[in-house]
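Residue numbers (the numbering used here): 60 to 339. Note that CB positions come from ideal geometry on N, CA and C, so glycine has one too. Let me begin by presenting the structure, written as structure tokens, before commenting on it.
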DNA sequence: GGTTGACCTGCGCA
DNA sequence: CTGCGCAGGTCAA
């Protein structure tokens, strides 16, 4: 049973179920079953180490998946004094980590995420694996989902998202290199590159960059971020935000690691007591 | 260039 | 049991 001594706190529940990945299922005794890349695996923490049951996964793969190379609080340190909310979020959830999810899997998840709650995205994800997945229910390739087509994708309860997913799968099955992002590209460039794909807009492109490419300056704005920014930073604002404005604002407010700020604030806001949040 | 509807489905709640 | 509102957005007019 391989294991790895953790260099920092790790909260598996908030990290694996908080809306970055959708392939994990909680088991009794605080274990989690899911996949890292093509490898099915069960995880659990014990004595400040993480243990896993699939020896096909190396320590460095686990290390990479949970971004254990990053010291989150020191990255955000310069912006904590001016952001008490962020300081609170990091204090309450010190073990929440940014994942480095498989890019294709992540892209599919977020194409399916439109107007869906986390629990339902997880259901769709599970159906895609069980219906179209390979051995060990590994996540279906672009070619496999392209071959499946819109109609059979709709049978996985994707609704209108099926059309976008089928089209994107078709494109990526023929041009797999479009998932490769040169490190010389800016995050903004990479986002525009992904937005060429059907069903991928500014929100999803940035989710994929943040949750699977480790682009910590990607700042996805969804309805939750919209709500928390309104409540915590712009209590008087009524009109809708301009995305371009939020891009520069978040840069100034949270710095080059503003994606981490998004991750922490998003999780804190979503899990805080309902009466402290605005009524939808 | 910014606005406005349409778009599937499943769940919670009256 | 039936109906209605709503939910990690994107696209096209």
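When the beta-carbon positions are compared, residue 170 and residue 220 come within less than 8 Å of each other.
Under DSSP, residue 62 shares a beta bridge with 110.
The beta carbons of residue 205 and residue 228 sit about 4 Å from each other, so the pair counts as a contact at 8 Å. Listed in chain order, the non-local C-beta contacts of residue 272 below 8 Å within the same chain comprise 159, 162, 240, 249, local neighbours out to five positions each way being set aside. Cβ atoms of residue 94 and residue 197 come within 8 Å of each other, at about 7 Å. Approximately 20 Å separates the beta-carbon atoms of residue 236 and residue 258; this is outside 8 Å, ruling out the contact. Per DSSP, the beta-bridge partners of residue 101 are 92. Residue 78 counts as buried, since at least 16 other C-beta atoms from the protein chains shown sit within 10 angstroms of its C-beta.
Taking the Cα positions, residue 151 is about 10 Å away from residue 331.
Of the residues 101, 166, 67, 104, the one whose Cα lies closest to the Cα of residue 132 is 67. In this structure, residue 142 sits near residue 312, with a CB-CB distance shorter than 8 Å. Between residue 73 and residue 155, the gap from beta carbon to beta carbon is short of 8 Å. In the assembly as shown, residue 293 is an exposed residue. Its beta-carbon has fewer than 16 other beta-carbons within 10 Å.
If you compare the alpha carbons of 260, 149, 103, 317 with that of residue 276, the shortest gap goes to 317.
When rounded, the separation of the alpha-carbon atoms in residue 288 and residue 103 is 34 Å. Exclusion of the five residues before and after residue 207 leaves 191 as the residues of its chain whose Cβ lies within less than 7 Å of its Cβ. The beta carbon of residue 226 lies closer than 6 Å to those of 257 in the same chain, with the five residues before and after it left out.
Annotation for residue 60: 110, 112 place their beta carbon closer than 7 Å to its own, counting only its chain and skipping 5 residues before and after.
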